[in-house]
Every structure is written in C-alpha cells, then in structure tokens.
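Asks:
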Amino acid sequence: MRIIRTKDYEDMSARAADVIAAEVILKPDCVLGLATGSTPIGAYERLVERYRAGELDFSQVISYNLDEYRGLAHDDPQSYHYFMEQYLFSHVNIDPANTHVPDGANEDVEEATAGYDAQVAAAGYPDLQLLGIGNNGHIGFNEPDAAFSKGTYCVNLTESTIEANSRLFESADDVPRQAYTMGIGTIMRAKRVLVIANGEKKAQAVHDMIYGPITPSCPASVLQLHPDAIVIADEAALALCE
Ligand code: F6R
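Here the sequence shown is numbered in our numbering, starting from 4 and rising by one per residue.
Structure (structure tokens):
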C-alpha cells in the first residue's frame with residue numbers, strides 16, 4: 004500500500020482529484036469505480052473545476068458506483084443516484100448512458116445484483132476504484148462479517164453504519180436497512196484502488212486497514228493484498244499510524 008499523508012481535508016481532496024484526473028487524461032475511456040459519502044465530495048468538486056477549466060474530458064469515461072440503498076427511488080435526495088448527479092455527473096460531460104449505479108429502486112435482489120455484476124465484468128472492472136472507509140472498516144457497504152463477500156449482493160446494514168449515516172437523514176429510523184453493494188471480490192478486481200479518509204473518527208479503521216490483520220471483521224484490511232492500493236488520508240485519520 005502506498006500511503007500519502009495530507010495536512011487536511013482540502014489537501015486530501017486535491018490529491019485524490021489529481022489521481023483521478025491523471026487516470027482520465029492517460030486513458031480517456033477509462034472505467035472509474037466511484038464512491039459516495041462525505042469524503043469524496045471535495046475531490047468531485049475539484050474534478051468539476053478542472054472540467055470547467057477545460058483540463059478534463061469525461062465524454063468517453065465509464066463509471067460504476069459501489070453501492071446504493073435498497074428501496075430508494077433514483078430521484079430520492081438520499082439516494083446515491085441523486086448524490087452522483089448532484090456532485091459530479093450533472094456538472095461534467097460524462098454520457099449518462101455510461102454511468103452506472105446499482106438500481107436501489109429494483110426490489111428484485113437477484114436481478115439488481117447479478118445484473119450489475121455482469122455489467123462491471125463486461126466492462127473489464129474499474130481501472131481506478133475510489134473508496135471511502137467506514138468507521139467500522141467497511142468499504143462499499145461491505146460490513147464487518149465472518150467472511151469476505153464476492154460479487155454484488157444485498158447487505159443488511161449494521162447499527163454502526165445506520166448511526167453514522169443517520170446524519171444525512173431526518174432520523175436514524177429513516178435510514179434504509181439494506182443496500183446493494185459491490186462485493187469485496189469485485190472491488191479487488193479493480194486495477195488500482197484509491198482509498199481516501201479524513202478526520203479522527205476514521206483513525207482506528209485506517210490503522211486496521213493498513214497495519215491490522217487481514218480479516219473480514221475489518222473489510223478494508225483485504226486491500227493489503229491488492230497489488231496497487233493507494234491511501235490518501237489526512238493527519239487526523241493517520242493519527243494511529245505514526
Ligand atoms: C459510499 C461507500 C461507503 C463510504 C463510507 C464512508 O459509496 O461506499 O463505504 O465510503 O461509509 O462514508 P463517509 O465518506 O460519509 O465518511
């Protein structure tokens with residue numbers, strides 16, 4: 004794992020945007036694996052700025068998002084479909100037909116998950132997979148478990164994740180209890196993974212991802228086995244990795 008330490012969130016976001024921008028410049032028809040949540044917002048904002056400055060062209064880029072809440076319509080403001088439109092897709096020249104987010108509105112689990120996996124595989128898996136990390140070490144919505152997951156599947160969210168994500172809903176009761184997520188096996192097939200993390204709440208998970216035992220009880224720890232994993236994290240998130 005390559006670790007890049009940054010001063011703060013702004014610095015982390017700028018460097019993450021640099022890595023993503025480099026991928027788009029070097030391979031205009033690259034497949035990007037994308038994440039939602041608070042962490043990537045700053046990087047997406049910088050990518051939009053660079054697109055507006057004429058530095059980036061997304062016209063041939065293909066994207067696959069990691070996950071989506073099960074049961075939310077695409078235009079639900081809490082959905083990850085909506086998030087991606089809000090922070091990235093509607094601001095750059097990516098072809099909407101080339102953007103993919105698991106279909107949370109499809110309650111048919113088999114259709115929604117197997118179909119998504121087949122699409123990611125047909126696209127050859129992401130050239131670059133962007134990941135945030137949960138306070139409990141989850142990546143995508145792969146929660147701590149007894150075994151690593153394989154392909155895209157339907158997951159029951161843990162209380163810890165429901166609690167952490169409730170800040171974006173009116174109350175914890177409004178947070179969906181299930182999500183569709185790419186599995187660990189799918190994430191590991193990306194050619195390069197880029198994990199971004201900031202803030203002290205992530206310090207334990209970041210430590211365990213980098214230095215802990217490789218165990219499904221900290222799903223991110225599997226990335227120690229990835230041949231090209233980059234972690235860009237601020238000082239607070241790396242506080243336990245001195
Ligand atoms: C989101 C995702 C999640 C988040 C993680 C961190 O698509 O896959 O694993 O990356 O929950 O969320 P934030 O960035 O909100 O702290």
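Glycine included, every Cβ here is placed at the ideal spot set by N, Cα and C.
What residue range is occupied by the uninterrupted beta strand (DSSP E) comprising Asn-159?
Replies: Locating residue 159 in the sequence shown gives position 156, where the first residue counts as 1. Element bounds for Asn-159: 156 to 159.
Asks: So, does the segment 131 to 150 touch the segment 188 to 200, judging by three or more C-beta pairs under 8 Å?
Replies: With a cut-off of 8 Å, the segment 188 to 200 and the segment 131 to 150 count as touching, because enough Cβ pairs lie within range.
Asks: Whose C-alpha, out of Thr-102, Ile-28, Phe-151 and Cys-157, is nearest the C-alpha of Asp-111?
Replies: As a position in the sequence shown, residue 111 is number 108, starting the count at 1. Per the Cα distances, Cys-157.
Asks: Where does Ile-213 fall in DSSP's three states?
Replies: Here residue 213 corresponds to residue number 210 of the sequence shown, with the count starting at 1. In the structure shown, Ile-213 sits in a helix (DSSP, three-state: H, G or I).
Asks: Are the beta-carbon atoms belonging to Gly-140 and Met-212 less than 8 Å from one another?
Replies: Here residue 140 refers to the residue found at position 137 of the sequence shown. Here residue 212 refers to the residue found at position 209 of the sequence shown. Taking 8 Å as the Cβ cut-off, Gly-140 and Met-212 qualify as a contacting pair.
Asks: When the Cα atoms are used, what is the spatial distance from Ala-46 to Ala-20?
Replies: As a first step, residue 46 must be located in the sequence shown, where it is residue number 43. As a first step, residue 20 must be located in the sequence shown, where it is residue number 17. Near 5 Å, if we compare the C-alpha coordinates of Ala-20 and Ala-46.
Asks: With 16 as the cutoff for other CB atoms within 10 Å, does Gly-36 come out buried or exposed?
Replies: Position 33 of the sequence shown, counted from the start, is the residue given in the question as residue 36. Gly-36 comes out buried.
Asks: When the distance is taken between beta carbons, is Leu-91 closer than 8 Å to Thr-184?
Replies: As a first step, residue 184 is located in the sequence shown; it is residue number 181 there, counting from the start. As a first step, residue 91 is located in the sequence shown; it is residue number 88 there, counting from the start. Cβ atoms of Thr-184 and Leu-91: not closer than 8 Å.
Asks: For Tyr-72, report the span of its beta strand (DSSP E) as first-last.
Replies: Counted from its first residue, the sequence shown places residue 72 at position 69. Segment 70 to 72, the beta strand (DSSP E) holding Tyr-72.
Asks: Quick check on the DSSP output: what are the complete alpha helix (DSSP H) runs of length 4 or more inside the segment 181 to 234, in order along the chain?
Replies: Correct list: 187 to 191 and 206 to 214.
Asks: Which complete alpha helix (DSSP H) runs does the segment 103 to 185 hold, if anything under 4 residues is left out?
Replies: Listed in chain order, the complete alpha helix (DSSP H) runs (minimum 4 residues) inside the segment 103 to 185 are 112 to 125 and 162 to 168.
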